[in-house]
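Enquirer: What follows is a single structure, and I will ask about it in a moment.
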Amino acid sequence: MSERTGEETRPDWERRFHAPVLTLPSWSRDAPDRLAYISDESGAYQVHVWDAATGMRRRVTNEPVGMIIQEMVDPQASADGTQVVWFRDPTGDESGWWMTEPFGGGEEPGKLFPDIPKGWPSGLALGHHVAAAGFGFDEGFVVYASVDGELRELTRHHEELRVQSPEWGGQNLAGLSRDETLVCISHAEQGDNRRPALRVYDASSGEAVGDLWDGPGFSLWGGAWSPADHRLAIRRDLTGWKRPAIWDLDTGEIRDLDLDLPGEIEPYDWWPDASALLLVQFHEGRDYLHKFDLQSGSIEPISHPDGCIWGSGVRPSGDVWHCWDSASRSPRILSSTGDDVLVPEAGRNELTEARPLRSFHFENPSGQRIHGFLLEPDGDGPHPLVINAHGGPNWFWGDYWYPANQALLDAGFAVALVNYRGSSGYGREWEDWLVGNIGFPEVEDHVAALDALVAEGVADPERVAITGRSWGGYITLLAIGIEPARWRAGVADVPVGDYYASYADSAPALQAWDRSLLGGIPDEIPEFVAERSPITYADRVKCPVFILYGENDSRCPPRQVENYMKALREAGGEVEVFEYDTGHASSVIEERIDHMRRRLNFYARKVPGISVPE
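So for the sequence shown, my numbering puts the first residue at 11; every next one is plus one.
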């Protein structure tokens, strides 16, 4: 990809892991020049603050395991800008406490809610006088509201509850209305944790003042409260596709926004005068920002490079900030003017560019058209191929920065990325395909991708590997068991190997998700769980396997991985293992590089034509 000179001694694939990653800064609602974000400039994901007026920037945390980057745990500046709030997870198992300290530092951090025990975060919204927070505990979920420092319980349930929060970073505009009178939560009291309903509470009285549910099989999500009144921009999927709407809590009326755009569309923010909405459109692995005028119904595209958007918001000036990246360029915080808003301070030996993806389509045995992306090495095929299965399963492969795929390309692989049945972004029917039917459809779609790429001359059928993280690791272990002749090697990162034991040891939110996806708890459907669990097919595996897992993982817990490895070894299978001491993923750059190097070394020993790039 590039020539190294002077001090550039690291191979390109390592240098891409060092390309700084920043989340979209969230700004204080009434002191918008005070912002908080997560960055790995220090070598691990840590919380930082930035005063845009003075230029002051400082690192807030120094957590040994780093910070997790996921929905509902973005750091926030308090409503008045005097405090910074973040979630402390000391072991990497994703449970902990919300912490707070002065924005400028100088004092030891303390717990934001001293009376709430350690739990898994389920949304946070901060105002001047009101703070709302959701937590998952072993016994279920609870939503609290703190009003002028008095903590009260709004609601609890054994199914999932969430204070509404942004899915892709930035400040939380959906949990608490601008006047701090209303708290919006999503809930699964109807029994389907994948398809929640919405409820709004009066923050002072604790009474429910609004309920919205579109019925079985339909989902709702809060996007952002209007800055002027009690209208809430929401997302619903009545048409089969995620589409924006506006719910007026004062009148109960709902206005669906009729937009002639392909793909899925979500509301992210309002313009400061409440005249327009900021929308993001997702179509075949790429995002597009739009301004929707609420009076005229006109829609105006917001210019940005092709790729993916990981959070966006409208500044008081009307300028739009967004976190953007692509497969060929590392993350940037951009303005709608085209300028970089926040440039990483670290001057390290990073590489911020890579080879772009190309889209491809193929049909599975049921005749369904499936979309994916491909990275191809130089020269004519057929090439060694690695199929990388994404996690979730309600996740997706998009045009986003992912150094691991580029490392596989540098090693000599063509890399196939498949948006199999169950992936998000392709409509409700596609995403719901796996309900009561996990495992087999995903394997079938990946094998169909392999056959299509062999027929195209891209892939050598004798040199094919499969890999994946989390749910992708589950697909990997299942595929090498039920289609054993297809693979030269398998690499499973934090996988599910024994589904029954995985459910028993998982965090509450993961158990709730599994119940909805499986169609019941494993004890109620043991035959089905056994049929779709990789451990059942361990005696059929023919290829060598490499498994990586975390000892504090609460999503894909260690005991079930160890059960699978034991079964594989007892059946005479070849398995190599690396256990690390954090959770579902490492937040430390050098650890991520070490994990990737171990994978590459394994491939180089097991797949002809593959070598560790130097």
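Yeah, the Cβ is synthetic: ideal placement off N, Cα and C, and Gly gets one too.
Values in this document were obtained by computation on a predicted structure and should not be read as measured data.
For residue 142, which of helix, strand or coil comes out of DSSP?
Expert: Mapped onto the sequence shown, residue 142 falls at position 132. DSSP places residue 142 in strand when its eight states are reduced to three.
Enquirer: Using the Cα positions of residue 289 and residue 577, report the straight-line distance between them to the nearest angstrom.
Expert: On the sequence shown, position 279 is the one that residue 289 refers to. On the sequence shown, position 567 is the one that residue 577 refers to. Taking the straight line from one Cα to the other gives about 49 angstroms.
Enquirer: What did DSSP end up calling residue 524 once you bin it into helix, strand or coil?
Expert: Position 514 of the sequence shown, counted from the start, is the residue given in the question as residue 524. Residue 524: helix per DSSP, three-state reduction.
Enquirer: Which same chain residues, not among the five before or five after residue 109, have their C-beta less than 8 angstroms away from its C-beta?
Expert: Numbered from 1 along the sequence shown, position 99 holds the residue referred to as residue 109. So the qualifying residues of the chain are 95, 96, 97, 98, 119, 120, 121, 122.
Enquirer: Just mark residue 29 as buried or exposed, buried being the case when its beta carbon has 16 or more other beta carbons within 10 Å.
Expert: Sequence index remark: in the sequence shown, residue 29 carries index 19 (1-based). Counting Cβ neighbours within 10 Å, residue 29 comes out buried, since at least 16 surround it.
Enquirer: When burial is assigned at 16 or more other CB atoms within 10 Å of the CB, is residue 349 buried or exposed?
Expert: Counting from one through the sequence shown, the residue named residue 349 turns up at place 339. Flag for residue 349 reads exposed.
Enquirer: Given a threshold of 16 other Cβ atoms within 10 Å of its Cβ, counted over all protein chains shown, does residue 66 qualify as buried or as exposed?
Expert: Within the sequence shown, the letter at position 56 stands for residue 66. The residue is exposed, with fewer than 16 neighbouring Cβ atoms inside 10 Å.
Enquirer: Determine the DSSP secondary structure at residue 320, reduced to helix, strand or coil.
Expert: Taking the sequence shown and counting its residues from 1, the one referred to as residue 320 is at position 310. In this structure, residue 320 counts as strand in the three-state DSSP scheme.
Enquirer: Per the DSSP calculation, residue 266 is bridged to which residue(s)?
Expert: The residue you call residue 266 lines up with position 256 of the sequence shown. Residue 266 is bridged to 255.
Enquirer: Following the continuous alpha helix (DSSP H) through residue 606, name the residue where it begins and the one where it ends.
Expert: Within the sequence shown, numbered from 1, the residue matching residue 606 stands at position 596. From DSSP, the alpha helix (DSSP H) with residue 606 extends over 599 to 616.
Enquirer: So, are the CB atoms of residue 3 and residue 82 less than 8 angstroms apart?
Expert: Examination of residue 3 is not possible in this model, given that the chain is present from 11 through 624 alone.
Enquirer: Over the uninterrupted alpha helix (DSSP H) stretch that includes residue 461, give me the two end residues.
Expert: One-based indexing of the sequence shown puts residue 461 at position 451. Looking at the DSSP string, the run of the alpha helix (DSSP H) that includes residue 461 is 450 to 465.
Enquirer: From which residue to which residue does the beta strand (DSSP E) around residue 291 run?
Expert: Translated into positions along the sequence shown, residue 291 becomes position 281. Where residue 291 is concerned, the enclosing beta strand (DSSP E) stretches over 286 to 293.
Enquirer: Would you grab the beta carbon distance between residue 408 and residue 481 for me? Rounded to a whole angstrom, and I think it's under 8 angstroms.
Expert: Reading the sequence shown from its first residue, position 398 is the one you call residue 408. Reading the sequence shown from its first residue, position 471 is the one you call residue 481. So it is not a contact: roughly 16 angstroms between Cβ atoms.
Enquirer: Taking Cβ to Cβ, would you say residue 453 is nearer than 8 angstroms to residue 393?
Expert: For the purposes of this step, residue 453 is taken as the residue at position 443 of the sequence shown. For the purposes of this step, residue 393 is taken as the residue at position 383 of the sequence shown. It is not a contact, given that the beta carbons lie outside the stated cut-off.
Enquirer: With distances taken from CA atoms, which of 145, 158, 285, 259 is nearest residue 137?
Expert: Counting from one through the sequence shown, the residue named residue 137 turns up at place 127. Looking at the Cα atoms, 158 is the closest of the given residues.
Enquirer: Could you tell me whether the stretch 494 to 514 touches the stretch 571 to 589, where touching means 3 or more Cβ pairs closer than 8 angstroms?
Expert: Because the criterion of three Cβ pairs below 8 angstroms is met, the stretch 494 to 514 and the stretch 571 to 589 touch.
Enquirer: If I follow the unbroken beta strand (DSSP E) through residue 24, where does it start and stop?
Expert: Here residue 24 is taken as the residue at index 14 of the sequence shown, counted from 1. Here residue 24 belongs to no beta strand (DSSP E); instead the alpha helix (DSSP H) covers 22 to 27.
Enquirer: Would you call the CB atoms of residue 277 and residue 321 closer than 8 angstroms?
Expert: Locating residue 277 in the sequence shown gives position 267, counting from the first residue. Locating residue 321 in the sequence shown gives position 311, counting from the first residue. Their beta carbons are not under 8 angstroms apart, which means residue 277 does not touch residue 321 by this criterion.
Enquirer: Can you look up residue 573 in the DSSP assignment and give me helix, strand or coil?
Expert: Taking the first residue of the sequence shown as 1, we reach residue 573 at position 563. Residue 573: helix per DSSP, three-state reduction.
Enquirer: Tell me whether the beta-carbon of residue 93 lies closer than 8 angstroms to the beta-carbon of residue 181.
Expert: Within the sequence shown, numbered from 1, the residue matching residue 93 stands at position 83. Within the sequence shown, numbered from 1, the residue matching residue 181 stands at position 171. For residue 93 and residue 181, no; Cβs fall outside 8 angstroms.
Enquirer: According to the Cβ coordinates, are residue 68 and residue 115 closer than 8 angstroms?
Expert: Reading the sequence shown from its first residue, position 58 is the one you call residue 68. Reading the sequence shown from its first residue, position 105 is the one you call residue 115. Contact flag set, yes.
Enquirer: So who's on the other strand from residue 219, going by DSSP bridges?
Expert: Numbered from 1 along the sequence shown, position 209 holds the residue referred to as residue 219. Answer is none; residue 219 lacks a bridge partner.
Enquirer: Can you tell me whether residue 200 is buried or exposed, with buried defined as 16 or more other CB within 10 angstroms of its CB?
Expert: Working through the sequence shown from its first residue, we reach residue 200 at position 190. By the 10 Å Cβ count, residue 200 comes out exposed.
Enquirer: State yes or no: is the C-beta of residue 400 within less than 8 angstroms of the C-beta of residue 273?
Expert: In the sequence shown, counting from the first residue as 1, residue 400 sits at position 390. In the sequence shown, counting from the first residue as 1, residue 273 sits at position 263. No, these two residues do not count as a Cβ contact at 8 angstroms.
Enquirer: Here's the rule: buried if 16 or more other CB atoms are within 10 angstroms of the residue's CB, otherwise exposed. What is residue 417?
Expert: Here the question's residue 417 lines up with position 407 in the sequence shown. Result: buried.
Enquirer: Measuring straight from C-alpha to C-alpha, what distance separates residue 526 and residue 378?
Expert: Against the sequence shown, residue 526 aligns to sequence position 516. Against the sequence shown, residue 378 aligns to sequence position 368. Rounded to whole angstroms, residue 526 to residue 378 spans 24 angstroms at the Cα level.
Enquirer: Considering only the beta carbon of each residue, do residue 489 and residue 372 sit closer than 8 angstroms?
Expert: Counting from 1 along the sequence shown, the entry for residue 489 is found at position 479. Counting from 1 along the sequence shown, the entry for residue 372 is found at position 362. Not in contact: residue 489 and residue 372 (Cβ atoms no closer than 8 angstroms).
Enquirer: Using the Cα positions of residue 370 and residue 207, report the straight-line distance between them to the nearest angstrom.
Expert: For the purposes of this step, residue 370 is taken as residue 360 along the sequence shown, with counting starting at 1. For the purposes of this step, residue 207 is taken as residue 197 along the sequence shown, with counting starting at 1. Roughly 35 angstroms between the two C-alpha positions.
Enquirer: Based on the DSSP secondary-structure assignment, which residues constitute the bridge partners of residue 555?
Expert: Working through the sequence shown from its first residue, we reach residue 555 at position 545. In DSSP, residue 555 forms a bridge with 500, 585.
Enquirer: I believe residue 588 touches residue 558 by the beta-carbon criterion, under 8 angstroms. Please report the beta-carbon distance rounded to the nearest angstrom.
Expert: Taking the first residue of the sequence shown as position 1, residue 588 is located at position 578. Taking the first residue of the sequence shown as position 1, residue 558 is located at position 548. Indeed they touch by this definition, with Cβ atoms about 5 angstroms apart.
Enquirer: Which residues in the same chain have their Cβ closer than 6 angstroms to the Cβ of residue 34, if we skip the five residues on either side of it in sequence?
Expert: The residue you call residue 34 lines up with position 24 of the sequence shown. Correct list, in chain order: 179, 180, 321, 333.
Enquirer: Note down, in chain order, each residue of its chain lying with its Cβ closer than 6 angstroms to the Cβ of residue 17, except the 5 sequence neighbours on either side.
Expert: As a working mapping, residue 17 is identified with position 7 in the sequence shown. Note that residue 17 scores 43 on pLDDT, short of 50, meaning its location in the model is unreliable; the coordinates nonetheless yield the value given after this. Excluding residues within five positions, none has a Cβ falling inside 6 angstroms.
Enquirer: Return the chain-ordered list of same chain residues with a C-beta closer than 7 angstroms to the C-beta of residue 624, the five sequence neighbours on each side being excluded.
Expert: Taking the first residue of the sequence shown as position 1, residue 624 is located at position 614. Excluding residues within five positions, the ones whose Cβ falls inside 7 angstroms are 21.
Enquirer: Can you tell me whether residue 438 is helix, strand or coil according to DSSP?
Expert: As a first step, residue 438 must be located in the sequence shown, where it is residue number 428. Helix, per DSSP.
Enquirer: Going straight from the alpha carbon of residue 153 to that of residue 167, what length do you get?
Expert: Against the sequence shown, residue 153 aligns to sequence position 143. Against the sequence shown, residue 167 aligns to sequence position 157. Looking at the two C-alpha atoms, the distance is approximately 9 angstroms.
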